[in-house]
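Q: Going by UniProt numbering, the first residue of the sequence shown is number 1, and it counts up by one from there.
Please read through the structure below; I'll follow up with questions.
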Amino acid sequence: MKTQVAIIGAGPSGLLLGQLLAKQGIDNVIIERASGEYILGRIRAGVLEQGMTDLLREAGVGERMDREGQIHTGVELAFNNKRVQIELEKLTGGSTVMVYGQTEVTRDLMEARQKAGLTTYYESSNVALHDVKTDTPYVTFEQNGEQHRLDCDYIAGCDGFHGVSRQTIPESSRKEFERVYPFGWLGVLSDTPPVNHELIYCKTDRGFAMTSMRSATRSRYYLQVPLTDKVEDWSDEDFWTELKRRLPDDVAAKLVTGPSIEKSIAPLRSFVCEPMQYGNLFLVGDAAHIVPPTGAKGLNLAASDVATLNKVMKRVYKDGDKDCISQYSDICLRRVWHGERFSWWMTSMLHDFGQGDVHDTDAATYEKFMSSELNFYTDTEAGRRIIAMQYVGLPYEDLS
Ligand code: FAD
Ligand code: DHB
Numbered sequence: 001m002k003t004q005v006a007i008i009g010a011g012p013s014g015l016l017l018g019q020l021l022a023k024q025g026i027d028n029v030i031i032e033r034a035s036g037e038y039i040l041g042r043i044r045a046g047v048l049e050q051g052m053t054d055l056l057r058e059a060g061v062g063e064r065m066d067r068e069g070q071i072h073t074g075v076e077l078a079f080n081n082k083r084v085q086i087e088l089e090k091l092t093g094g095s096t097v098m099v100y101g102q103t104e105v106t107r108d109l110m111e112a113r114q115k116a117g118l119t120t121y122y123e124s125s126n127v128a129l130h131d132v133k134t135d136t137p138y139v140t141f142e143q144n145g146e147q148h149r150l151d152c153d154y155i156a157g158c159d160g161f162h163g164v165s166r167q168t169i170p171e172s173s174r175k176e177f178e179r180v181y182p183f184g185w186l187g188v189l190s191d192t193p194p195v196n197h198e199l200i201y202c203k204t205d206r207g208f209a210m211t212s213m214r215s216a217t218r219s220r221y222y223l224q225v226p227l228t229d230k231v232e233d234w235s236d237e238d239f240w241t242e243l244k245r246r247l248p249d250d251v252a253a254k255l256v257t258g259p260s261i262e263k264s265i266a267p268l269r270s271f272v273c274e275p276m277q278y279g280n281l282f283l284v285g286d287a288a289h290i291v292p293p294t295g296a297k298g299l300n301l302a303a304s305d306v307a308t309l310n311k312v313m314k315r316v317y318k319d320g321d322k323d324c325i326s327q328y329s330d331i332c333l334r335r336v337w338h339g340e341r342f343s344w345w346m347t348s349m350l351h352d353f354g355q356g357d358v359h360d361t362d363a364a365t366y367e368k369f370m371s372s373e374l375n376f377y378t379d380t381e382a383g384r385r386i387i388a389m390q391y392v393g394l395p396y397e398d399l400s
């Protein structure tokens with residue numbers, strides 16, 4: 001079997017890249033470890049930057065998003081029983097974000113891929129990448145007990161943090177940067193009306209909480225929890241009780257509770273692998289970088305990597321210019337590090353870091369620094385604008 005671009009992973013990165021490449025006549029095959037159903041069962045991101053929504057439209061999958069997604073012109077930060085509005089649209093001169101779940105983005109992309117008759121191997125095992133430094137790389141994998149070999153020109157490693165692509169790069173040729181946080185986010189999805197028309201990020205003495213949504217009748221809420229907590233430790237009732245305690249009083253009074261339809265705990269991590277390209281292998285999205293979810297940057301950074309790789313592939317196949325390949329990693333990493341810094345900063349300001357030392361500072365002193373940081377940025381329009389500019393997303397960079 002032969003294709004031009006072999007894509008490892010059918011998460012949002014792999015599916016979006018496949019769709020964009022196909023639009024410009026570049027043949028691609030996706031190899032995915034899990035089943036489509038399993039992928040659609042994972043509840044993850046909910047906020048899309050304008051750069052990503054434009055890219056989804058370019059890929060031909062924006063129709064349902066534009067019909068059912070919600071444009072948000074602002075977002076709120078709450079602390080000390082005070083609510084501060086970050087007026088995204090006003091402060092950025094017109095930019096907004098779209099609230100439309102990653103599950104729905106993925107569903108739209110899967111349907112478009114099927115409609116276009118593009119090949120995806122779901123439930124593949126023993127996926128291995130070979131000869132990625134040569135002009136004849138290939139991928140081997142098993143499906144239904146059958147051994148397959150896929151020859152290609154390029155490989156896009158879109159297989160997430162635990163995938164095989166990054167591990168294919170010898171340790172001596174990559175550098176990894178990492179910070180693991182001492183807490184996780186417990187998320188609940190429920191068919192109840194959202195408590196507020198805008199998202200609220202809440203800092204409290206009991207830890208962080210946030211309120212989000214998927215539609216007018218479906219809510220998504222998160223609580224900061226210790227890493228030792230298990231999902232089974234949290235009954236629905238416990239979750240709602242704790243959420244109410246962490247919301248500003250006027251918001252808590254409006255909370256409508258109901259049975260959870262999904263409940264999961266995600267650990268928080270900052271991670272970057274440099275460089276993001278090795279020979280004819282490109283790392284895309286979570287395969288190369290992870291951000292803590294505060295600030296909603298994970299999926300959006302994956303989309304900007306996809307946009308850059310799509311431009312590189314277009315120039316390679318349409319103009320025969322292979323030199324541009326060397327630009328991929330630097331262009332992606334500049335935007336990735338801005339997203340990493342913003343997510344780390346938001347996480348630091350809004351979470352409770354407990355009793356231990358943080359950067360060689362005792363927790364009480366660190367908390368004073370972070371509270372002052374939050375007051376400083378929210379008390380001034382200049383500060384709120386800096387938050388808004390980053391929340392809506394920095395511009396995508398073009399190839400030179
Ligand atoms: P993924 O979505 O991880 O897709 C990778 C795909 O590769 C998967 O389908 C996987 O099955 C497949 N794969 C893995 N290994 C192999 C292999 N060896 N061979 C073949 N296929 C393989 N971001 C936000 O902005 N907001 C959030 O609230 C948020 N919540 C999150 C919660 C969790 C639990 C996690 C893990 C992430 C969350 N994120 C969030 C981040 C966001 O969901 C990711 O940034 C986004 O999914 C990245 O997409 P991706 O396609 O690069 O990777
Ligand atoms: C959602 C998740 C986030 O991490 C975030 O910052 C905003 C919204 C969500 O799942 O809706």
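Idealized CB from N, CA, C, for every residue including glycine.
To which residues of the same chain is residue 263 closer than 6 Å at the C-beta, ignoring the five residues directly before and after it?
A: Closer than 6 Å at Cβ, skipping near neighbours: 188, 231.
Q: Whole angstroms is fine: what's the gap from residue 202's alpha carbon to residue 307's?
A: Distance between the alpha carbons of residue 202 and residue 307: 32 Å.
Q: Which of the three DSSP states, helix, strand or coil, is assigned to residue 87?
A: Note: residue 87 maps to coil in three-state DSSP.
Q: To the nearest angstrom, how far is the alpha carbon of residue 342 from that of residue 49?
A: Computed Cα separation, rounded: 14 Å.
Q: Tell whether a beta-carbon distance below 8 Å holds between residue 301 and residue 185.
A: Going by C-beta atoms, residue 301 is not nearer than 8 Å to residue 185.
Q: Around the ligand DHB, which residues pass a check of Cβ closer than 5 Å to any of its heavy atoms?
A: Output, sorted by chain position: 46, 47, 212, 220, 293, 296.
Q: Residue 349 by DSSP, collapsed to three states: which one?
A: If DSSP states are grouped into helix, strand and coil, residue 349 belongs with the helices.
Q: With a threshold of 16 other CB atoms inside 10 Å of the CB of residue 1, please say whether the residue is buried or exposed.
A: Classification of residue 1: exposed, given that the 10 Å Cβ count is below 16.
Q: I need the boundaries of the alpha helix (DSSP H) containing residue 226, first residue and last residue.
A: Counting along the chain, residue 226 falls outside any alpha helix (DSSP H), though it belongs to the beta strand (DSSP E) covering 218 to 226.
Q: Report the rounded CA-to-CA distance for residue 218 versus residue 46, giving the unit in angstroms.
A: Residue 218 and residue 46: Cα-Cα distance of roughly 12 Å.
Q: Hey, is residue 130 close to the ligand FAD, as in C-beta under 7 Å from one of its heavy atoms?
A: No, Cβ of residue 130 sits at least 7 Å from all heavy atoms of the ligand FAD.
Q: Going by beta carbon distance, what residues of the same chain come within less than 6 Å of residue 338, once the five residues before and after it are set aside?
A: Result list for residue 338: 394, in chain order.
Q: At a cut of 8 Å, does the stretch 23 to 30 reach the stretch 368 to 377 through at least three beta carbon pairs?
A: These segments do not touch.
Q: Quick check: is any heavy atom of the ligand FAD less than 7 Å from the C-beta of residue 11?
A: At least one heavy atom of the ligand FAD is nearer than 7 Å to the Cβ of residue 11, so yes.
Q: So what's residue 196 in DSSP terms, helix, strand or just coil?
A: DSSP places residue 196 in coil when its eight states are reduced to three.
Q: Sorted by chain position, which residues of the same chain lie with C-beta nearer than 8 Å to residue 121's C-beta, five sequence neighbours on each side aside?
A: Cβ within range, chain order: 29, 30, 31, 32, 141, 143, 148.
Q: Output the boundary residues of the alpha helix (DSSP H) element that contains residue 365.
A: Note, residue 365: alpha helix (DSSP H), 363 to 379.
Q: Under three-state DSSP, which class holds residue 328?
A: DSSP places residue 328 in helix when its eight states are reduced to three.
Q: Less than 8 Å between the C-beta atoms of residue 272 and residue 340, yes or no?
A: In contact: residue 272 and residue 340 (Cβ atoms closer than 8 Å).
Q: Closer than 7 Å by C-beta to residue 103: which residues in its own chain qualify, once you throw out the five before and the five after it? Chain order, please.
A: 40, 43, listed in sequence order.
Q: Give me whichever residues DSSP pairs with residue 72 in a beta bridge.
A: Paired residue(s): 97.
Q: Pick out whichever of 125, 38, 158 has its Cα sitting closest to the Cα of residue 145.
A: It is 125.
Q: With a threshold of 7 Å (Cβ to nearest heavy atom), would residue 338 be considered close to the ligand FAD?
A: No - the ligand FAD has no heavy atom lying nearer than 7 Å to the Cβ of residue 338.
Q: Tell me whether the beta-carbon of residue 432 lies closer than 8 Å to the beta-carbon of residue 251.
A: The structure shown does not extend to residue 432, since the chain is modelled only from 1 through 400, so no value can be given for it.
Q: Would DSSP call residue 338 helix, strand or coil?
A: Correct three-state label for residue 338: helix.
Q: Taking the alpha carbon of residue 193 as the reference point, which residue from 206, 216, 207, 174 has its own alpha carbon closest?
A: Comparing Cα-Cα distances from residue 193 to each of 206, 216, 207, 174, the minimum goes to 216.
Q: Three or more beta-carbon pairs under 8 Å between the stretch 127 to 140 and the stretch 163 to 172, yes or no?
A: Contact holds: three or more Cβ-Cβ distances are below 8 Å.
Q: Ordered along the chain, which non-local residues of its own chain (more than five positions away) have a Cβ less than 7 Å from that of residue 387?
A: 86, 377, listed in sequence order.
Q: Going along the chain, which unbroken runs of the alpha helix (DSSP H) with 4 or more residues stay wholly within the stretch 264 to 317?
A: Listed in chain order, there is nothing to give.
Q: Using DSSP with H/G/I as helix, E/B as strand and the rest coil, what is residue 181?
A: DSSP places residue 181 in strand when its eight states are reduced to three.
Q: For the beta strand (DSSP E) holding residue 43, just list the boundary residues, first then last.
A: Run containing residue 43: none; DSSP gives neither H nor E here.
Q: The beta strand (DSSP E) with residue 215 in it runs from where to where?
A: First-last of the beta strand (DSSP E) with residue 215: 209 to 215.
Q: If you reduce the DSSP assignment to three classes, tell me which class residue 205 lands in.
A: Coil at residue 205, not helix or strand.
Q: Just to check, is the beta-carbon of residue 273 closer than 7 Å to a non-hydrogen atom of the ligand FAD?
A: No; taking the cut-off as 7 Å, the Cβ of residue 273 has no heavy atom of the ligand FAD nearer than that.
Q: With distance defined between alpha-carbon atoms, name the residue in 136, 347, 221, 259 nearest to residue 279.
A: Nearest option by C-alpha distance: 136.
Q: Use the C-beta contact count for residue 382: other C-beta atoms within 10 angstroms, 16 or more gives buried, fewer gives exposed.
A: The residue in question, residue 382, is exposed, as its Cβ has fewer than 16 Cβ neighbours within 10 Å.
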